[in-house]
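Down below is the structure, laid out as structure tokens.
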Amino acid sequence: MTPPAAVSAPLPDIAANLAAVKDRIAAAAREAGRAPEAVTLVAVAKTHGADRAEAALAAGHRVFGENRVQEAQAKWPALRARYPDLELHLVGALQSNKAAEAVALFDVIESVDRPKLAAALAKEMDRQGRRPACLVQINTGEEPQKAGSPPAEAEAFIAHCRDTLGLPVTGVMCIPPADEEPAPHFALLRGIAARAGLPVVSMGMSGDYETAVHLGATHVRVGTAVFGARPKPPPTT
1 MTPPAAVSAP LPDIAANLAA VKDRIAAAAR EAGRAPEAVT LVAVAKTHGA DRAEAALAAG
61 HRVFGENRVQ EAQAKWPALR ARYPDLELHL VGALQSNKAA EAVALFDVIE SVDRPKLAAA
121 LAKEMDRQGR RPACLVQINT GEEPQKAGSP PAEAEAFIAH CRDTLGLPVT GVMCIPPADE
181 EPAPHFALLR GIAARAGLPV VSMGMSGDYE TAVHLGATHV RVGTAVFGAR PKPPPTT
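The numbering of the sequence shown is full-length UniProt numbering, which starts it at 1 and goes up by one.
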């Protein structure tokens with residue numbers, strides 16, 4: 001018997017959602033004395049179907065994020081064939097044994113979080129001749145269940161990735177603890193980027209991206225506010 005499919009909500013007005021989020025990003029940037037175009041919206045399409053991603057593409061958006069290599073492989077090659085100028089970010093955890101697939105598919109890998117993964121990515125970039133930009137993930141809250149370099153080790157890890165392994169490290173990323181004010185974590189990440197001389201600071205999601213913009217984010221990762229609620233899992237029988 002075929003298992004029940006995930007229950008998908010009606011397609012929201014994604015073009016309107018994108019415009020609203022971009023307006024709020026622009027307002028937050030101006031409040032902080034920054035140019036709105038200095039902040040890039042990464043529309044995170046994880047768990048959403050290709051129809052929603054294509055609606056965003058049709059509305060003119062080109063920068064997207066996915067959490068899982070396997071889901072991205074199923075969704076994005078066909079879309080990229082029609083929209084070759086799209087930019088795809090991996091924003092979720094990456095297993096070292098998926099490094100080859102990640103290097104082949106993504107334009108930016110935002111979750112470089114440990115030496116073993118960094119070495120695997122460097123090896124694959126040399127093998128494939130493809131060099132997606134890399135962000136080092138920082139575990140700003142030092143949460144044991146969360147990936148990322150501890151802040152105290154961040155600068156040494158960045159140097160290892162960039163100078164020893166030759167990875168194209170352009171910035172840093174963080175996901176603050178869910179139960180804490182995000183602002184101190186955003187400020188910490190911005191400081192790490194500045195000390196390392198890295199231009200890209202990826203921080204802020206649907207609930208806190210305006211705060212992130214105020215504190216120097218160059219990229220914000222927004223999913224629900226653009227694509228609507230994530231599909232419900234299949235009902236149990």
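The C-beta atom is built at its ideal place from N, Cα and C for all residues, glycine as well.
- Excluding five sequence positions before and after Leu165, the CB atoms of its chain that fall closer than 7 Å to its own CB belong to Ala118, Ala119, Ala122, given in chain order.
- Val201 and Ala193 have their C-alpha atoms roughly 7 Å apart.
- Out of Arg127, Phe157, Arg131, the CA that lies nearest to the CA of Asn139 is found in Phe157.
- Phe186 carries a helical assignment under DSSP once its states are collapsed to helix, strand and coil.
- A straight-line Cα-Cα distance of about 15 Å links Arg127 and Pro168.
- Under the DSSP definition of a beta bridge, Leu135 partners with Gly171.
- Beta-bridge pairing by DSSP links His219 to Thr40, Ser202.
- Collapsing the DSSP output to three states places Gly49 in coil.
- Under the Cβ criterion (8 Å, minimum of three pairs), the region 68 to 81 does not count as touching the region 30 to 44.
- Taken through DSSP and simplified to helix, strand or coil, Glu142 comes out as coil.
- One thing to note: Glu124 has its Cβ within 8 Å of the Cβ of Val103.
- The C-beta distance from Ala217 to Gly204 rounds to 5 Å, short enough to meet the 8 Å contact threshold.
- In the DSSP assignment, Val103 falls within the alpha helix (DSSP H) that extends over 99 to 105.
- Counting the other CB atoms within 10 Å of its CB gives Leu11 a total below 16, which places it among the exposed residues.
- Assigned with DSSP and collapsed to three states, Gly33 falls in coil, not helix or strand.
- Ala55 counts as buried, since no fewer than 16 other beta carbons sit within 10 angstroms of its beta carbon.
- Residue state for Val63 is assigned as strand, using DSSP reduced to three classes.
- Around the Cβ of Glu180, a 10 Å sphere holds fewer than 16 other Cβ atoms; the residue is exposed.
- Within a 10 Å sphere around the beta-carbon of Glu142 sit fewer than 16 other beta-carbons, which makes this residue exposed.
- For His214, the enclosing alpha helix (DSSP H) has its first and last residue at 209 to 214.
- Under the three-state reduction of DSSP, Glu181 is assigned to coil, being neither helix nor strand.
- Val91 and Ser206 have their C-alpha atoms some 14 Å from each other.
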